[in-house]
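Asker:
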Amino acid sequence: MKFCILSTIFLVVFCVEPTFSGIRTSDSFEIQYIPYILARRCRCLSDNAQCWPSSTLWQKFNESIDGRLISPKPSAAPCNLNPSSFNSCTITPVQWHDPFWRDDQPGAMQCSNWENSSCSIYYYSSTCNQGSVPILGVKATLPEHVQTTLEFVNTHNLRLVIKNTGHDFAGRSTAYGSLLLWLHHMKNKALMSEFTTCDGEIVSNAIRLEAGVQWGEVFQWLGTYNLIAIGGASGTVGSVGGFLQGGGHGPLTRWKGLAVDQVLEYDVVLADGRRETVNACRNRDLFWALRGGGGGTFGVVLSAVLRTYPSPSVVSYYLDFVANSTSRYHEFIHHFVRLLPTIADAGWTSYFYLSNTGFQGAFFLPNGNMNMAEILKNQLTSNFQDFNITHAGPHPFPSYVDVYNGIFSWSNPTGGNLHMSSRLIPEDIVRNRANDVAQAFLQANNYSSSTLIGHLVAGGEVSTSKQNNSVNPAWRTALLHMIYTESWSDGTSNEEQQKIVKRVAERVKILQTIAGGSQSASYMNEADPNEPEWQQKFYGTMEIYNRLKAIKDTVDPNGIFVCKNCVGSDDWSDDLNCPKISSGTLLSVSILNILLLIFFFLN
Ligand SMILES: Cc1cc2nc3c(=O)[nH]c(=O)nc-3n(C[C@H](O)[C@H](O)[C@H](O)COP(=O)(O)OP(=O)(O)OC[C@H]3O[C@@H](n4cnc5c(N)ncnc54)[C@H](O)[C@@H]3O)c2cc1C
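Quick note: this note's numbering has the sequence shown finishing at residue 604, numbered continuously throughout.
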């Protein structure tokens, strides 16, 4: 009898968990039935010989994935094997900063700081270590490789990271001790002259892109049909990975909406290895979540079906100068910010950079003409003839692929150490508080090694889109996306790096004053990995975050897909390897302890 009572208490206490957390239930005391809490365990990492699969098991697994097991290495490792390898190191600084060179290596991250390894091409490191680069990976080329990998990960309770291109600014595509699922070689793409969506819409020229296809490849390919898809500014970013699932802005988003607004369907492998079609009729909640809720969180996207459009012609204009005095520079920035609504209303997209008293601005207008570009040039520069301005253009491009080949394909060097923070700036603030906006730009950027990057990529169709997806709703009311960045060279002390990280967090508070204060938003793909209150900042509101988390708990109850500041990561330890013991569980354990004490006392 006593045993029965005790068993009942045990079941009630452990299987019905009272959850106090503000994240799960906001402010109410709610009892939730979450049996999965018992299934979550600390992950087995590669340094744990007790649980890490034996070489025989790895061999069997390798056979089951057609021999696709690989050993990723940090990008500078070949130069650090021994002093003589450093002297004969063939990795040049040009390669080091080449995003294509990085894309092709399973262990390389585009921001090399995320490899977290002591290896460098700039000095010989006798302690060159693996850092955060997984020691084993799967170079997947088929959906079956992905499915078999997930089965293996589940069986052995491994930590998994999904990697496409390694562009992630928060290092979410690499993790110490994990198994890497590398999708870079899944390169199929198909153009469908007519795609019928599950709810009956017939879409002309939709494309299906597999997980490893990059935007540059898409632009080149579609260029031959005079079509365009809505991608990023950088051709090396993956088309359907973290970029798409987190939102995706680019030179054409003001014209046709965010990249995520173009998704018609996904093909997904779920945490348990099942393969599912995800669209507006099947797995509808997941479809909503995968369109904005972030990469590496809900499943492995094998491919996505996207809309395309007949390519617009584009005119471009670029200017670059260092002002001849600080006061004149301030005058220009105030003038520029006051002009932004006019520029936006004419349909321009812009990327602009402020550093010290320097300014670079690139402007693109889909379906624009040279006359409009001359007007823009005049508006920007006529009062600043005393500056020594370098101009490129105005220049007409017959189609988007020509802009890509002429401008974007050779920009965006990577490979450095970088930390950033960002805010989306609401359109009404830019229009009505231009003076405050200009002041904030100047104040945020008055540090010598920093750059303030402006993206005029919102407003227009990003605001008017009627898509019902989970992208941060702040995109719909924003005009600008502003990023504050600092970089450092290899060998910079940890102390100095910490100072940079702190400063980046401080500087964004200045941008926050013109971004809606404490409720301001940050684009999760270009954000501070240490952003406090990231749930609200990256996902828009706690209501949206909680809905995403409920979907996450349904499709991935054991938290197989976990990454920094991704939905549900707040249930895991800082290194994301162990489930957190929530206040509810702690309470349950305490109650159980008391009951056991009473039981033994009575006996
Ligand atoms: C040089 C550069 C230029 C950039 N330009 C732009 C830009 O113009 N516009 C813009 O919006 N952003 C831009 N970004 C930011 C970019 O959106 C993010 O870095 C994004 O995370 C890249 O996604 P990825 O899949 O290519 O990278 P990865 O680092 O490989 O992956 C990023 C995240 O997505 C997950 N993931 C990758 N593939 C899949 C998949 N198939 N299924 C599920 N999860 C997956 C990973 O686990 C990781 O969490 C740029 C970044 C860099 C470094």
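Positions of the beta carbon are idealized from the N, C-alpha and C atoms, including for glycine.
Taking contact to mean 3 or more Cβ pairs, one atom from each stretch, closer than 8 Å, check whether the stretch 476 to 487 and the stretch 407 to 414 are in contact.
Answerer: Not touching, per the Cβ criterion.
Asker: Quick check on the DSSP output: the alpha helix (DSSP H) that includes H146 runs from which residue to which?
Answerer: P144 to H157
Asker: Please determine whether the Cβ atom of G167 lies at a distance below 7 Å from any heavy atom of ligand 1.
Answerer: yes
Asker: Would you be able to state if there are at least three C-beta pairs under 8 Å between the stretch 118 to 134 and the stretch 83 to 96?
Answerer: yes
Asker: Hey, could you find the ends of the alpha helix (DSSP H) N547 is sitting in?
Answerer: Looking at the DSSP string, the run of the alpha helix (DSSP H) that includes N547 is M543 to V556.
Asker: Which residues mark the beginning and the end of the beta strand (DSSP E) in which V623 is found?
Answerer: Here the chain comprises residues numbered 2 to 604, so residue 623 is not present and cannot be evaluated.
Asker: Just verifying my parser: in three-state terms, what is the DSSP assignment at K140?
Answerer: strand
Asker: Could you check whether the Cβ of C579 sits closer than 7 Å to any heavy atom belonging to ligand 1?
Answerer: no
Asker: As an exercise, report each continuous alpha helix (DSSP H) stretch of at least 4 residues that is fully enclosed by the stretch 39 to 82, in chain order.
Answerer: Every alpha helix (DSSP H) of 4 residues or more that sits fully in the stretch 39 to 82 is shown, in chain order, as 56 to 65.
Asker: Check whether the stretch 526 to 541 touches the stretch 417 to 428, counting contact only when three or more Cβ pairs, one atom from each stretch, lie closer than 8 Å.
Answerer: yes
Asker: If we require 3 or more residues per run, which beta strand (DSSP E) segments fall completely within the stretch 178 to 235?
Answerer: 180 to 183, 190 to 197 and 203 to 211
Asker: DSSP state of R276, grouped into three classes?
Answerer: If DSSP states are grouped into helix, strand and coil, R276 belongs with the strands.
Asker: Let me check one thing: in DSSP terms, what residues is A445 bridge-paired to?
Answerer: In the DSSP output, where bridge partners are listed per residue, A445 has none listed.
Asker: Can you tell me whether G178 is buried or exposed? The criterion is at least 16 other CB atoms within 10 Å of its CB, across all chains shown.
Answerer: By the neighbour-count rule (16 or more Cβ atoms within 10 Å), G178 is buried.
Asker: State the Cα-Cα distance for the pair F220 and N49, rounded to the nearest angstrom.
Answerer: 44 Å
Asker: Given that a residue counts as buried once 16 or more other Cβ atoms are within 10 Å of its Cβ, and exposed if not, what is I599?
Answerer: exposed
Asker: Give the single residue among T555, V238 and K550 whose Cα lies nearest to the Cα of D572.
Answerer: K550
Asker: Quick one: residues in its chain with C-beta nearer than 7 Å to the C-beta of L210, no 5 flanking neighbours on either side, listed in chain order?
Answerer: K190, V219, S240, V241, S304, A305 and L307
Asker: Is the beta carbon of E527 within less than 7 Å of some heavy atom of ligand 1?
Answerer: yes
Asker: In whole angstroms, what is the alpha-carbon distance linking S119 and A230?
Answerer: 39 Å
Asker: Using the Cα positions of G294 and Q520, report the straight-line distance between them to the nearest angstrom.
Answerer: 18 Å
Asker: Around the Cβ of G369, are there at least 16 other Cβ atoms within 10 angstroms (buried) or fewer (exposed)?
Answerer: buried
Asker: Among residues of its own chain, excluding the 5 on either side of G243, which ones have a beta-carbon nearer than 8 Å to its beta-carbon?
Answerer: So the list reads N165, H168, D169, R173, S174, G295, G296, G297 and N526, once near-sequence residues are dropped.
Asker: Buried or exposed, going by whether 16 or more other CB atoms sit within 10 Å of the CB of P84?
Answerer: exposed
Asker: Assuming H336 is part of the alpha helix (DSSP H), what are its boundary residues?
Answerer: T327 to D346
Asker: Terminal residues of the continuous beta strand (DSSP E) containing N418?
Answerer: It spans N418 to P427 - the beta strand (DSSP E) in which N418 sits, taken as one unbroken run.
Asker: Does the pairing of the stretch 506 to 521 with the stretch 443 to 450 give three or more beta-carbon distances under 8 Å?
Answerer: yes
Asker: Relative to the C-alpha of S400, which residue among P311, A272 and R548 is closest?
Answerer: P311
Asker: Could you say which of T382, V472, V323 and T358 lies nearest to Q246 if we only look at CA atoms?
Answerer: V472
Asker: Check Y319 in the structure and name its three-state DSSP category.
Answerer: strand
Asker: Tell me the DSSP secondary structure of L253 in three-state form.
Answerer: coil
Asker: How would you call D105, buried or exposed, if buried means at least 16 neighbouring beta carbons within 10 angstroms?
Answerer: exposed
Asker: From M371, F385 and L184, pick the residue whose C-alpha is nearest to that of V323; which is it?
Answerer: F385
Asker: Taking the beta strand (DSSP E) that Q361 falls in, what are its first and last residues?
Answerer: G359 to P367
Asker: Does DSSP put I390 in a helix, in a strand, or in coil?
Answerer: DSSP places I390 in coil when its eight states are reduced to three.
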